[in-house]
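The sequence shown begins at 614 in the working numbering and counts up one residue at a time. Structure, as C-alpha cells:
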Amino acid sequence: MPEFVPGLDLSRAFYDEVVATLVGDVPHSAALLGAGSDVLGLDTERSTDHGWGPRLQVFVADHDVERVRLAIDDGLPDEFRGWPTRYGWDDVAVSHHVEVVTLERWLRDELGFDPRLGVTLVDWLATPQQLILEVTRGAVHRDEAGDLAAVREALAWYPEEVWMWLLACQGRRLDQEEPFVGRAADVGDELGSRMLAGRLARDLVRLCLLLERQYAPYSKWLGTAFAQLAGSTGIHEHLLSAVSATAYRDREESLVRAARAAAALHNARGVTRQVDDVVGLFHSRPYRVLGSSRFVDACLEHVCDPRLRALPLVGGVDQLADSTDFLSSPATRLARRALYDALLG
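Laid out in C-alpha cells, this is it:
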C-alpha cells in the first residue's frame with residue numbers, strides 16, 4: 614500500500630498533475646468538497662479502507678459538462694501515486710470519482726439551494742451544520758470566476774440574529790435537563806444518571822462550538838472538533854470527568870465545573886451582556902445547577918426578527934433531531950424545510 618497522505622493533499626496533486634491537463638482550456642473551478650473525513654481534514658490511514666482515494670469535483674458550464682466528462686473518462690490513468698483512480702465501496706460501483714457538474718446543480722443536490730442567490734431563514738434553520746461544513750471546508754484547487762469563494766463567503770457563519778437564537782435554543786436544552794442527572798441518581802437509576810450526563814456533555818460541546826462560531830460536524834467528529842477549539846481544554850477535562858464518574862456527586866461536580874467554564878466563555882466572548890455564572894440549587898431540591906435560563910434570556914434580547922421571536926425554542930434541525938438518515942438524506946430535505954415552513958407559519 615502506498616504511504617498515506619491526507620486526502621486534501623492527494624486531491625490537490627491529482628488535480629494539478631492529471632485532471633487540470635484533461636480539462637484543458639475549458640473555464641472551470643475545481644475542489645474537494647462534500648462528504649468524507651478527508652474534506653474535514655480528519656482522515657487517517659484507517660480512512661483508506663473505505664471510500665477514499667484520488668477524487669474531486671470539476672465545475673463547468675452546462676454546455677461543457679459532457680465533453681469534459683468524456684475527456685476525463687478517456688484520459689485518467691489507472692493509478693495515481695499508487696492509489697487506484699477507479700474504486701467502489703458498499704453499494705457504490707467501481708468508477709472514477711472526478712465529478713463533472715455545474716456548480717448550481719451540485720449545490721442544489723448538496724444543500725437544496727444556491728447560496729449565491731441568497732440564504733433564507735428556512736435555509737439556515739433546515740440545513741444541518743455538517744452539510745454546511747461539507748461546502749465551507751475541504752479545498753479549492755481552482756476558482757477562476759470566484760464562484761466558490763462567493764458560496765463559501767455566503768455560508769461562512771449564521772446571520773447575527775439567527776446565531777443568537779440558536780445559542781438561546783442550545784441553552785434551553787441544557788436548562789431543561791440540568792437537574793435530571795441528580796433526580797435519576799436520587800431514585801437509584803445510575804444508568805439513567807450517566808446517560809443524562811452524556812447528553813449534557815454533548816450539549817455543552819455544541820454550545821461551545823456555537824460560541825466560537827464553529828459549525829458542528831456529525832457525531833463521529835464532534836469530540837475531535839471540540840478538542841481543536843482554543844478555549845476547550847478546561848471544559849474538555851471537566852466533561853471527561855463527568856462522563857467517567859462512578860459516583861453521582863463527582864459527576865455533578867464535574868458537570869457544574871464544565872457549565873461554569875462554558876458560561877465564562879460566553880462572558881469572555883462578549884456575546885451578550887455579562888451574565889451571572891453562580892451555581893445554585895434547583896428550586897428546593899438538592900441538585901446543583903448553573904441555571905442556564907438566564908443565558909437563554911440574554912441571547913433572546915438580541916433577537917428582534919418577529920419570525921424568530923414567534924418560534925418555539927426548538928433550534929436548528931440538528932438541535933431538533935439527531936437521526937443521521939433524517940439529517941443527511943436528500944430524500945428528507947423537503948420534510949426538513951416543510952417543518953420550518955410550518956413553524957414559521
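Every residue, glycine too, gets a C-beta built ideally from N, C-alpha and C. Since we're looking at a predicted model, the values are computed, not measured.
As a beta-bridge residue in DSSP terms, W702 pairs with V705.
For the pair G836 and Y628, the Cα-to-Cα distance works out to about 32 Å.
The residue among T661, P697, W696, V713 with its C-alpha nearest the C-alpha of V639 is V713.
Considering only W665, Q742, V892, L952, the residue with the shortest C-alpha distance to L645 is W665. M777 sits buried, since 16 or more C-beta atoms from the chains shown fall within 10 Å of its C-beta.
Between L878 and L824, the alpha-carbon positions lie close to 8 Å from each other.
Listed in chain order, the non-local C-beta contacts of S905 below 6 Å within the same chain comprise G784, L787, D788, local neighbours out to five positions each way being set aside. Scanning A752, E773, A944 for the CA closest to the CA of S642 turns up A752. Per DSSP, F672 is one residue of the beta strand (DSSP E) stretching across 669-672. Taken in chain order, the complete alpha helix (DSSP H) segments of 4 residues or longer contained in the region 863-948 are 906-913, 919-923, 930-933, 937-941. Counting the other Cβ atoms within 10 Å of the Cβ of L921 gives 16 or more, which makes it buried. In the structure shown, L738 falls within a helical segment according to DSSP collapsed to helix, strand and coil. Across the set E791, R807, D656, the C-alpha of D656 shows the shortest separation from the C-alpha of K833. The Cβ atoms of C912 and A781 lie closer than 8 Å to each other. Two segments are said to touch when three or more pairs of C-beta atoms, one from each, lie closer than 8 Å; by this definition the region 665-685 touches the region 700-712. Taking a 10 Å sphere around the C-beta of G731, we find fewer than 16 other C-beta atoms and assign the residue as exposed. Where V713 is concerned, there is no enclosing alpha helix (DSSP H), although the beta strand (DSSP E) around it starts and stops at 711-714.
Secondary-structure assignment with DSSP links F693 through a beta bridge to W696. Of the other Cβ atoms in all chains shown, fewer than 16 fall within 10 Å of the Cβ of R718; this residue is therefore exposed. Assigned with DSSP and collapsed to three states, S845 falls in coil, not helix or strand. For L835, the uninterrupted alpha helix (DSSP H) segment begins and ends at 832-840. Inclusion of P615 and G654 in the CB contact set at 8 Å is not warranted, their separation being larger than that value. Between E692 and the set V764, E630, P943, L746, the nearest pair of CA atoms involves E630.
Leaving aside the five residues that flank T749 on each side, the residues in its chain whose CB is nearer than 6 Å to its CB run, in chain order, R765, L768. Linking L734 to Y828 through their CA atoms gives a straight-line distance of about 17 Å.
By the Cβ criterion, the region 852-866 is in contact with the region 798-816, since at least three pairs of Cβ atoms, one from each stretch, lie closer than 8 Å. Remark: fewer than three beta-carbon pairs, one from each stretch, lie closer than 8 Å, so the region 693-705 and the region 669-679 are not flagged as touching.
Taking 8 Å as the cut-off, the Cβ atoms of E803 and V902 do not count as close. Linking A923 to C917 through their CA atoms gives a straight-line distance of about 10 Å. Boundaries of the alpha helix (DSSP H) around R786: 773-790. Within its own chain, the residues whose Cβ lies closer than 8 Å to the Cβ of T715, once the five positions on either side in sequence are excluded, are F672, V673, A674, D675, V678, listed in chain order.
According to the DSSP assignment, R682 belongs to the alpha helix (DSSP H) that extends over 678-688.
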